[in-house]
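Numbering follows full-length UniProt numbering, with no gaps: position 5 of the sequence shown is 5.
For glycine and all other residues, C-beta sits at the position ideal for the given N, C-alpha and C.
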Amino acid sequence: MTDGAWVSLFSGGKDSSWALHRALERGHPVERLVTVHPEGDSYMYHVPATRLARLAAESIGIQLVEVEPDDFGADDVPDSGEQGDAELEPLEEALRELDGELDGGITGVTAGAVESEYQTTRIESMADRLEANVFAPLWQENPRDLADAMLDAGFEIRIIRVAAYGLDESWLGRTLDADALDELEALNDEYGVHILGEGGEFETLVTDGPHMDRRIELEYETQWDGSRGTVQIEDAWLA
1 MTDGAWVSLF SGGKDSSWAL HRALERGHPV ERLVTVHPEG DSYMYHVPAT
51 RLARLAAESI GIQLVEVEPD DFGADDVPDS GEQGDAELEP LEEALRELDG
101 ELDGGITGVT AGAVESEYQT TRIESMADRL EANVFAPLWQ ENPRDLADAM
151 LDAGFEIRII RVAAYGLDES WLGRTLDADA LDELEALNDE YGVHILGEGG
201 EFETLVTDGP HMDRRIELEY ETQWDGSRGT VQIEDAWLA
């Protein structure tokens, strides 16, 4: 499993972007980014603004493979475990196709999971079936240390969705900088908000970083319902 290509599971958010960046630093030959576009809520995948992965991929310079909502069959499954398995099926099918297309097949897969056993066990099982390695550089690392490392590396991270007590409308569109991390640490102490949003407290978009040639510029409005909100992106382009 030393020869062959790597693929990066990629949403455009900070965790998958960090896994990709670290894989490239390690010299893993990442030849495809794979983005899943779930409809509605998902147990397995980052949901908001995944369409901007196309811009990110152009800036990164790695070809993007997109798994579309029509490929999902998880609408009527009875529990979260079965839904997670069902959501994984179109991703695994896409990776099997890539395994046959890429020279030497797929050697490894990057994943951005931090603490989610639910996601990680399914990705590891899928990789086992593909006879591929998993590179998960965020797994079980200290959340604040990870966030600081992302900022030190030059990541520009924007918050595009919030859904947790303590996070109000002012967080929508905010850049995740050192001051924001200090506030998130305080919210973690007070309310249990995860510093990296691992429990779905918030979602992010990486608009610039060392793995990107051009930053992503955004025009957006915010939608807020009193307890949660989303950045509605109206236009996006590469600077």
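CB residue i to CB residue j, shorter than 8 Å?
i: V7; j: I106; result: yes
i: E169; j: G229; result: yes
i: L95; j: V34; result: yes
i: Y220; j: V231; result: yes
i: G27; j: T204; result: no
i: P143; j: L187; result: no
i: L102; j: G4; result: yes
i: V114; j: D15; result: yes
i: L151; j: R122; result: no
i: L238; j: L55; result: yes
i: E185; j: G166; result: no
i: A163; j: E198; result: no
Between the Cα of residue i and the Cα atoms of the options, which residue gives the shortest distance?
i: G209; options: D85, A19, L9, A5; result: A19
i: L52; options: I123, A113, R158; result: R158
i: D179; options: A147, A5, I160; result: A147
i: S116; options: W139, S17, G108; result: W139
i: F10; options: V109, E101, D152, G100; result: V109
i: I233; options: A23, T50, E101, V65; result: T50
i: A236; options: T222, E217, Q223, L172; result: E217
i: T175; options: E141, D225, E156, V193; result: E156
i: P137; options: H194, T120, S125; result: T120
i: D145; options: D128, D182, R215, A132; result: D182
i: D225; options: A149, G112, R161; result: R161
i: E141; options: H194, Q223, T222; result: H194
i: E25; options: S227, R215, A153; result: A153
Quick one: what does DSSP say residue i is sitting in, helix, strand or coil?
i: L172; result: coil
i: R158; result: strand
i: L64; result: strand
i: I195; result: coil
i: E131; result: coil
i: G108; result: strand
i: L218; result: strand
i: A236; result: strand
i: P78; result: Any reading at P78 must be qualified, since the residue scores a pLDDT of 47, below 50, and its modelled position is unreliable; the value itself is stated next. Reduced to three states, the DSSP call for P78 is coil.
So, at 8 Å on beta carbons, what are the nonlocal neighbours of residue i in its own chain, with the 5 sequence-adjacent residues on each side left out?
i: I60; result: L20, L33, H211, M212, D213
i: L130; result: E92, L95, R96, D99, I106, V109
i: E124; result: V134
i: R215; result: S59, E156, T207, D208, L238, A239
Could you tell me which residues DSSP puts in a beta bridge with residue i?
i: V30; result: W6
i: Q223; result: T230
i: L205; result: R158
i: V36; result: V67
Near residue i, what residues of its chain come up, given a Cβ to Cβ distance below 7 Å and the 5 sequence neighbours on each side ignored?
i: A23; result: W6, S8, V30, T110, F135
i: Q223; result: G229, T230, Q232
i: M126; result: L88, E92
Nearer than 7 Å: is that true of the beta carbon of residue i relative to any heavy atom of the ligand FAD?
i: L151; result: Ligands displayed in this structure: none; no statement on the ligand FAD is therefore possible.
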